[in-house]
Each structure stands twice: as C-alpha cells, then as structure tokens.
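Just so you know, the protein sequences line up as chains P and B, in that order.
So the first sequence is numbered by this note's numbering: it starts at 5 and just counts up by one.
So the second sequence is numbered by this note's numbering: it starts at 27 and just counts up by one.
Beta carbons: idealized from backbone N, C-alpha and C, even for Gly.
Predicted model only: the values in this text are computed from it and were never measured.
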Amino acid sequence: MSARVEIRNLSCSFGGQPAVRDVSLALEPGTTTTLVGASGSGKTTLLRCLAGLLAPSSGQVWFDGRDVTALPAEARGVGLVFQSYALFPHLSVADNIGFGLEVRGVDPTERRRRVSDLAEQLGVAKLLERKPSQISGGERQRVALGRALAYRPVLLLLDEPLAALDPNLAESVRDVLLHAIEIERTTVLLVTHDRADALRMGQRVALLRSGALEQIGTPRELYRTPRTEYAAHFFGPGLVLDSVASHRGNISVAETPFGEVSLQPGSAGPVRLLLRPEALRLSDCEGASARVRRASYEGNRCRLTFEADGVTAQLEASPGREFACGDQIRVSIDPDLLVVLPSAPGLPRAG
Amino acid sequence: MAERVARGLAAILLVVLLVVVVAPLLIVMIGSVVDTSLLGLTSESWQEDVSAWSWFSYVLDLYGVHLARSAWLALTVVVSACLIGFPAAYALARRNDAFSATVRVLLDAPLAVPGLTVGIGLLLAYPWGRASGATLAAGHLLYALPFFVRAATNALSAAGLAELEEAAAAAGASALQRFRRIVLPLARPGLLAGALMAFTISWGEFNVSFLLATPTTQTFPAALYLTYTTNSFPVAAAATTLFLGAAAPALLLLQRVAAAETARFGEAA
C-alpha cells in the first residue's frame, strides 16, 4: 500500500516570497523520513504541497511513478495529521476516525471493524462515543492519527505531531506513533523542529534551510558527517576549532588545545573541527589540563564548563563525582566523536 | 457587609429594570383584555356588552392582511439573507485574512445609518420597486443581512473552517462531501441564529417600512402606528399583543437553538 514518493525540483512561493526552493528528495516505501528545520524553513509548506493542499510554483510530486502534482488532496489518498489535530468537532471519535472510510463508501460493518481495531491499537477504544471537546490533548492526537491511518494511506504526513503536548505526554504519544507506523508499514514524512525527535524518529533525516534542502541522510550521517557548518551546528552546538592537519606516518594528526587528535588518513592542510560535549572526556593522566569554570549538576549527568589554553568548552561528566569551580581536570578528545567540518563554508549543496 | 450592600443594590437595579422594560409591555397586554378605565384611561372604553377578548377577532379582521404581509415579507427577507449571506459568510470565514477582517468590520456599517435615511435613499434610488414591495424587502435586508452574516461567519470561523475542510479533503472527501458533512453542520447553528434574527428584525422594522409603504404594501408595524394615532387604545393594545405573540416564539427558538448546539458540540462550544 505504501508508495514511493518522489519530489522533483519543487518550489513554492507565496506572493513572490519563495517558501520552498528547488527541493528534490525521495521517500522510500515504508520508511519514515523526518523533515527538520528552523521555523520558517518551509517544512510545513513542503508537507502541504505533498498533501495536495498547496499547488507548487514549479516542480512535481510523484507517487509510485505517477505524477500527482495536479491531483487535488482528496484524490491522493494521503493521511495528514495537523499540528492542531483539526478534529471534526461535531462528530464523535468513532466518526472522526471513520471519516475517510465513510466518504470512500466503505460499508458500515467493515468501517466499524477498522475503526475499533485502530482505536484499540491507539488506546482510545473507550472514547469512541465522545466528542473531541471531551477528550484530552494526547487523546486528540491519537484520534487524529487514527483518522489519517484508517483508509490505509499511501503516504502519512505528520505536522509537528508532538509539539503541542507536554514532555511526559509527548513521550507516550511518540511510542504509540512509532508503534502504529510500524504496524501500518506506510511511507511517512514527519515534520518537526525538534532535533532530538528528528534524529530518533526517522530512518532518514532531511534538513531544510530557508526553503532549500541542506542535507539528507541517516540520522548518524547528519549528526556525524554534516556537509555544511549549518547542518553541524543545527544538530548539536559545540566548540569550533581551526587547526592544521599534517601527515605523520600513514595517519593524519591535528593539534588542538586538548592535545593531538588523529584524523582520517589523507587529510592535510587547514581543518575545522567541531567538538560537541560528548567528544570531550575527562581523563586521569593523559590529555590537556584544564580548569573548571562552572559545574551544573543535572541529575543524570554533570555538565562542566571549563577552560584550557584560553579556550572555553563544555563536556558531560559522570554525575557521581563532585566538581567545584576552579578544580583542575584533564581533558582529552574522543576521536570517534569528533566532527570534521567541511573546510570551505560554501560547499556545493544538494539539489 | 459590603457584599450585602452590593446584593441589595443589585436587587433594586433588577426591580427598576423590570419596571422600566417589562411594565410598558404588560400595560399594553393587560390593556388589550381589561376595561381600560382600570388603567386610568378614561377617554375610551369597551362597550359594556362586548367581551374584551372579542377585540382580538376584531383586530384580526382589520389587520390580518397586514400581519400576513409582514410574515410574508419576513420570510422573503430570511430566504434572501440565507441565499446572499451564507456564501458571503463562507467566503469570509475561509479567507480569514486582512481583507476578510475589514469586511467584517464594515458589515456593521448599515446598522449605523438611520432607518429614515435608508428609507429615503431607497425611495429615491429604486422608486420602481415600491409598488411590488421589492424596495421594502431590500430595505429590511439591509438591516437583517449584517446580523445574519455575522452569526454565520462567527459559527464557521470559531470552528476553524479552513483547516477542517483541508482535513476532510486530505481524508478523501470531495467538495460536495465536505459541504454536506463538514461545512453545513458547522454552519447550522449560525445559520439558524442568523435566520431567526433576520426574521425578528424584519418583523419589527418600522422606519423603512413606514416610509416605503404604500397602502397595498403596508406592514404590520406601520399599520400599528396608524392604529395608535387614529384608532382606539384597546384596539391598538390588542394589535400590539398579537404582534408580540408572533415575535416571542422566534426568540424562544433562538434560545433553544443555542442550548441544543452547546449539547451537540460538548462543553467547548
């Protein structure tokens, strides 16, 4: 049932203002892709173009080798979950979930079976007779998901599905959502502004910047090997260090305030390194000596802000040890977690 | 202590309000059935041998044609308001932008224009519609339409029409299905409230009616005025009671509609 979705050179403008610029990307059948970006980066616009609610200025949308760009929303068979849920206030939960089946003329017995199966799976089986105004936010989100899944959509589009929920609730709804996606095996595009959600909820992550596709890849690729500085900083802030790599035997090394680090063989010349907190480690004997500037205890870890060789950086230490401002520590770099930034800021971009 | 004073004041205000607003209505209604000398009016009196209630049949004989005409006119206004106002309200609720906001503010403008001015304006602009009553209906519509459009627009935009229609479209509903299953049910409370308001406005409208009326298009309120100035008080009082009697069900219905819709949408509506 799930479709291979292809977006080809899609652009979309409002009143001369481009919201999406020449985006090309493919969603493989049955996979979940997260679409992430700062607010105003064109995520929702792209989603609406896929749903058929917005006509692109140029470019095409293909479902399974069929050009659907000109098809209206109702002819696309797409499931759409709105950020605000947009449940029909005059219909019961059951009628909301069954709406897509009803308008397709599915016979009532069949419809009831599908609705109660989905309600069971989403944990809203007890609420079927209620009106949307009589259920909680988390329950509304589940009902909205049920309405979008009921008619087995070829593509499921989710617009910030967890943004309106408080963190504890978001966690349980996230589990329900991932479980449902797994069972339904549909192609999913999930829009989010939350970096952590983007990384943990998608098999692939697409990063948008000012309407253009900055990078697409697996979560690991985006976090570990960002193709631009923007992508690097988007997924996790850290310390940027300029250094020079030189050959030493058959490896490359670069000098940093925290000691030498070995890089991929073959790199030489100026390099720019990104040290996220997890790339820096406390060590007992080796590494550079540093002085603690601030220690903030966060329960499951301790975040240390420290200074070494005139450079200020952060790392996450075990919460078991107590630190005080002014403590002498030794810091080393975990070369596996080091990010080497693209040397020139203006690398050619995809698309 | 302060609370008791406040309560006392509130009670006094309530009594004053009742006396000022309700008492005149009561006097008219009582006057239509009892001997007017009891009300201190000595100039006219019922004939001794005639039951007071019989004045109602007398009034019906005399003004039945005006009542019917007013009812017919009000229905015409309601239907026209629906035909013009529903599409307008739908468009306003769907656009929901600066233009729509401006129009919604300007909607109230006709209400600020004195009825006398509207009447004279219509009279001068469309004299050919006077005999058929079309100009009169247009005048009523001018007052009824803003109320109708406002009620319908509010009902639709409160529900978040644009997004709900998009949700329905994404779920596979055609334009006709969206209209029947989403737009119409959401608009219904607003349409009903608007229609009832249009009815009561047209039913009670006097200024425009009085100016535009010809002997063959005279509405009941215009006729009522002539009754008060030229006929006896008991006749006028009986006529007024009949008039009120026709407006009351519309108002009661309005309340019932609001209550029913609240129940239908749950506590949020």
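1. Let me see if you follow: with CB-CB separation under 9 Å, is Arg207 of chain B close to chain P or not?
2. Less than 9 Å between the beta carbons of Val85 of chain P and Gly63 of chain P, yes or no?
3. Skipping 5 residues on each side, what residues in its chain have a beta carbon closer than 8 Å to that of Leu238 of chain B?
4. Secondary structure at Gly41 of chain P, three-state DSSP: helix, strand or coil?
5. Does the stretch 301-309 of chain P come within contact of the stretch 225-232 of chain P, defined as at least 3 CB pairs closer than 8 Å?
6. Identify whether Glu311 of chain P lies in helix, strand or coil by the three-state DSSP scheme.
7. Taking Val82 of chain P as the query, report the chain B residues whose CB atoms sit under 8 Å from its CB, ordered along the chain.
8. Apart from the five residues on each side of it in sequence, which residues of its chain come closer than 8 Å, Cβ to Cβ, to Gly350 of chain P?
9. By alpha-carbon positions, which one of P:Leu226, P:Leu342, P:Leu245, P:Ala249 ends up nearest to Arg285 of chain P?
10. What are the partner residues of Gln87 of chain P, as DSSP defines its beta bridges?
11. Which ranges would you report for the alpha helix (DSSP H) in the stretch 241-267 of chain B if only whole runs of at least 4 residues count?
12. Based on the DSSP secondary-structure assignment, which residues constitute the bridge partners of Ile38 of chain B?
13. Does any residue of chain P have a CB that is nearer than 9 Å to the CB of Leu190 of chain B?
14. Within the continuous beta strand (DSSP E) that includes Asn13 of chain P, where are the two ends?
15. Which residues in chain P sit within 7 Å of Gln244 of chain B, going by Cβ to Cβ distance?
16. Using 10 angstroms around the beta-carbon of Gly19 of chain P, count the other beta-carbons present and answer buried if the total reaches 16, otherwise exposed.
17. Quick one, which of P:Glu225, P:Arg144, P:Lys130 has its alpha-carbon nearest Arg208 of chain P's?
18. Please go through the same chain and pick out, in chain order, the residues whose beta-carbon is closer than 6 Å to the beta-carbon of Leu159 of chain P, but skip the five residues on each side of it.
19. What residues of chain P sit near Ala185 of chain B, judged by a beta carbon separation below 7 Å?
20. Listing by chain order, which chain A residues have their CB less than 7 Å from the CB of Gly104 of chain P?
21. DSSP three-state label for Ser126 of chain B, please.
22. Taking the DSSP output, what are the residues bridged to Ile337 of chain P?
23. Buried or exposed: where does Leu97 of chain P fall if 16 or more other Cβ atoms within 10 Å of its Cβ makes it buried?
24. Is the distance from the Cβ of Ala23 of chain P to the Cβ of Phe238 of chain P below 9 Å?
25. When the Cα atoms are used, what is the spatial distance from Glu29 of chain B to Ala184 of chain P?
26. Look up Phe376 of chain P in the DSSP assignment and give the residues it is bridged to.
27. Since I believe Leu153 of chain P is in contact with Glu188 of chain P (beta carbons under 8 Å), could you give me their beta-carbon distance rounded to a whole number of angstroms?
28. Establish whether the CB of Ala174 of chain P and some CB of chain B are separated by less than 9 Å.
29. According to DSSP, which residues form a beta bridge with Cys289 of chain P?
30. How long is the line joining the alpha carbons of Gly355 of chain P and Leu211 of chain P, rounded to whole angstroms?
31. Tell whether a beta-carbon distance below 9 Å holds between Gly102 of chain P and Val119 of chain P.
32. Hey, could you find the ends of the alpha helix (DSSP H) Glu381 of chain P is sitting in?
33. When you compare the CB positions of Val265 of chain P and Ile337 of chain P, do they come within less than 9 Å of one another, or not?
34. DSSP state of Arg213 of chain P, grouped into three classes?
35. To the nearest angstrom, how far is the alpha carbon of Arg325 of chain P from that of Leu50 of chain P?
36. Based on DSSP bridge pairs, tell me the residues matched to Ser266 of chain P.
Let's see:
1. Arg207 of chain B counts as touching chain P.
2. At least 9 Å separates the beta-carbon of Val85 of chain P from that of Gly63 of chain P.
3. Gly145, Leu148, Leu149, Arg156, Thr161, Leu162, Gly165
4. Residue state, collapsed to three classes: strand.
5. no
6. strand
7. Chain B residues near Val82 of chain P: Ala196.
8. Low per-residue confidence applies at Gly350 of chain P: pLDDT is 44, beneath 50, and the placement is therefore not dependable enough to give any value.
9. P:Leu342
10. Answer is none; Gln87 of chain P lacks a bridge partner.
11. Given a length threshold of 4 residues, each whole run of the alpha helix (DSSP H) inside the stretch 241-267 of chain B is given here in chain order: 246-256.
12. Note: Ile38 of chain B sits in no beta bridge, so no partner.
13. yes
14. Counting along the chain, Asn13 of chain P sits inside the beta strand (DSSP E) bounded by residues 9-18.
15. Here the premise fails: no neighbours, minimum Cβ distance about 43 Å.
16. exposed
17. Arg208 of chain P has its Cα closest to that of P:Glu225, out of P:Glu225, P:Arg144, P:Lys130.
18. Ala7, Val9, Val82, Thr191
19. Contact annotation for Ala185 of chain B against chain P: Pro93 [CB-CB distance below 7 Å, chain order].
20. Checking the listed chains, one finds no chain A in this structure; the protein chains it contains are P and B.
21. helix
22. P:Leu284
23. The identity of residue 97 of chain P in the sequence shown is Val, whereas the question assumes Leu. Result: buried.
24. Not a contact, by the Cβ cut-off of 9 Å.
25. A straight-line Cα-Cα distance of about 58 Å links Glu29 of chain B and Ala184 of chain P.
26. Nothing can be reported for residue 376 of chain P: it is not among the residues displayed for chain P, which extend from 5 to 355.
27. 6 Å
28. no
29. Its beta-bridge partners do not exist; DSSP assigns none.
30. Bear in mind that the predicted position of Gly355 of chain P carries a pLDDT of just 32, short of 50, making it unreliable; the figure below should be weighed with that in mind. The alpha-carbon atoms of Gly355 of chain P and Leu211 of chain P are separated by roughly 13 Å.
31. yes
32. This structure cannot speak to residue 381 of chain P, because chain P is shown only from 5 to 355.
33. yes
34. strand
35. 48 Å
36. P:Val257
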